[in-house]
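Under my numbering, the sequence shown has 437 at position 269, and the numbering climbs by one with no breaks.
One structure is given here, and the rest of the page talks about it.
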Amino acid sequence: MRYRMGWIILAGMFFAGCMTPGMSRQIDDLVPAVFRPEKVAHYARDVVWASPSGKKLKLDVSWPEGEGPFPVLVWIHGGAWEDFSKEANVGLARYITNRGYVVVNVNYRTAPQFQMKTIVEDAFGAVIWAKDHAADYHGDPSRVAVAGHSAGGHLAAMVATACGDPYFPPTDPSTKGNDCSVQAAIPVSGVYEFDSLIREESGKRWQRVFGVLPEEDPELYRRCSPRSYLRADLPAQLVLWGEEDFLREQNEKWVAELKEVGAPVEGYMALGQDHLWPTWHWKKPAQDSYDRMVKFLDEQLKRAP
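Okay, here's the thing in structure tokens:
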């Protein structure tokens with residue numbers, strides 16, 4: 169029953185994202201108060217950040233009261249690279265906004281219509297957009313972090329590790345230098361290599377996401393794995409996962425591998441939680457995790473130069 173209710177609420181978040189702002193406000197009035205995300209001082213909804221091949225990619229920006237400039241967090245949603253949208257993370261985005269951040273909550277193209285290389289390029293392009301437009305929302309383009317959950321955790325780790333690799337030309341390239349570098353990253357329950365997952369799931373599933381089977385283009389799978397870019401000079405990372413998370417081993421191993429190469433990293437395990445715990449923004453375990461993220465962001469982006 170707990171999982172069924174969770175999926176119903178997620179579905180409600182998704183469909184709310186398909187509505188006009190007026191309709192969304194009406195839906196908000198029907199949602200029990202405990203499930204409603206926090207209100208924020210400023211909110212720009214469904215901003216088109218790119219239109220590759222005529223497909224409009226949208227994002228939401230929320231920012232606090234005041235002149236700023238505030239540090240910026242780019243959040244990338246999960247959904248196995250195939251499902252969901254930015255609507256699943258509105259609660260988290262607003263929570264962090266109210267702790268002093270501009271939060272850019274982005275959509276990207278998804279499988280099976282689009283494949284992994286394009287998805288990674290969208291992640292890079294979204295970060296570039298956020299840096300180029302940060303000042304429009306009282307943000308500081310010199311203090312930017314990227315984060316995401318599940319598939320979004322993978323993409324956040326790709327931004328942190330592979331940004332600038334010419335193999336991934338960013339979507340909607342900037343005229344200001346295509347700089348997708350970040351000062352910090354927070355991958356949550358992410359994927360950092362695909363070999364172990366390929367052994368557990370059928371090739372057809374990965375063919376949908378990558379466009380080819382692993383044995384047909386192993387180099388593509390390697391290039392799309394953050395593990396392939398391990399080195400000491402990566403931006404600081406806070407890696408989170410649930411104690412009952414099916415990706416727990418991946419995340420624990422990623423922390424160990426970052427430490428092994430001398431990269432700055434911290435790990436956080438949400439006790440008693442499964443893979444979806446960060447989505448339930450009204451629950452204490454999720455909010456505890458958000459507070460840990462904010463503490464890390466404060467340390468990385470708000471400390472004195």
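Just so it is clear, CB atoms sit at the ideal spot from N, CA and C, and this is done for glycine as well.
Query                                                                                                                                                         : Result
Measure the alpha-carbon distance for residue 472 versus residue 370 and round it to whole angstroms.                                                         : The predicted model places residue 472 with a pLDDT of 47, which falls under 50 and marks its position as unreliable, so this point remains unresolved.
Taking residue 245 and residue 320 to be in contact with their CB atoms under 8 Å, please state how far apart those CB atoms are, rounded to whole angstroms. : 5 Å
If residue 215 sits next to residue 240, beta carbons under 8 Å apart, how far is it from one beta carbon to the other, in whole angstroms?                   : So it is not a contact: roughly 14 Å between Cβ atoms.
Could you tell me if residue 410 is buried or exposed, where buried requires 16 or more neighbouring beta carbons within 10 angstroms of its beta carbon?     : buried
Are residue 222 and residue 270 touching if we call contact CB-CB under 7 Å?                                                                                  : no
Measuring CB atoms only, is the segment 383-391 touching the segment 428-444, in the sense that at least three cross pairs come out at less than 8 Å?         : no
Given that a residue counts as buried once 16 or more other Cβ atoms are within 10 Å of its Cβ, and exposed if not, what is residue 414?                      : exposed
Which residue marks the beginning of the beta strand (DSSP E) containing residue 398, and which one marks its end?                                            : From DSSP, residue 398 is part of no beta strand (DSSP E); its letter is neither H nor E.
Reducing DSSP to helix, strand and coil, say where residue 252 ends up.                                                                                       : coil
Determine the direct distance from the alpha carbon of residue 291 to that of residue 348, and round the result to whole angstroms.                           : 9 Å
Can you tell me whether residue 361 is buried or exposed? The criterion is at least 16 other CB atoms within 10 Å of its CB, across all chains shown.         : buried
The beta strand (DSSP E) spanning residue 406 covers which residue range?                                                                                     : 404-410
Counting Cβ pairs closer than 8 Å, one from the segment 371-382 and one from the segment 321-334, do we hit at least three?                                   : no
In the DSSP assignment, what residue or residues form a beta bridge with residue 307?                                                                         : 238
Cα separation between residue 311 and residue 279?                                                                                                            : 31 Å
If distances are taken between C-alpha atoms only, which option among 448, 467, 456 comes closest to residue 205?                                             : 448
Along the chain, which unbroken stretches of the beta strand (DSSP E) at least 3 residues long are found entirely within the segment 341-390?                 : 352-356
Checking the sheet assignment: what are the DSSP bridge partners for residue 228?                                                                             : 273
When the Cα atoms are used, what is the spatial distance from residue 261 to residue 395?                                                                     : 27 Å
Residue 338 to residue 428, Cα distance in whole Å?                                                                                                           : 30 Å
Do the CB positions of residue 346 and residue 296 come within less than 7 Å of each other?                                                                   : yes
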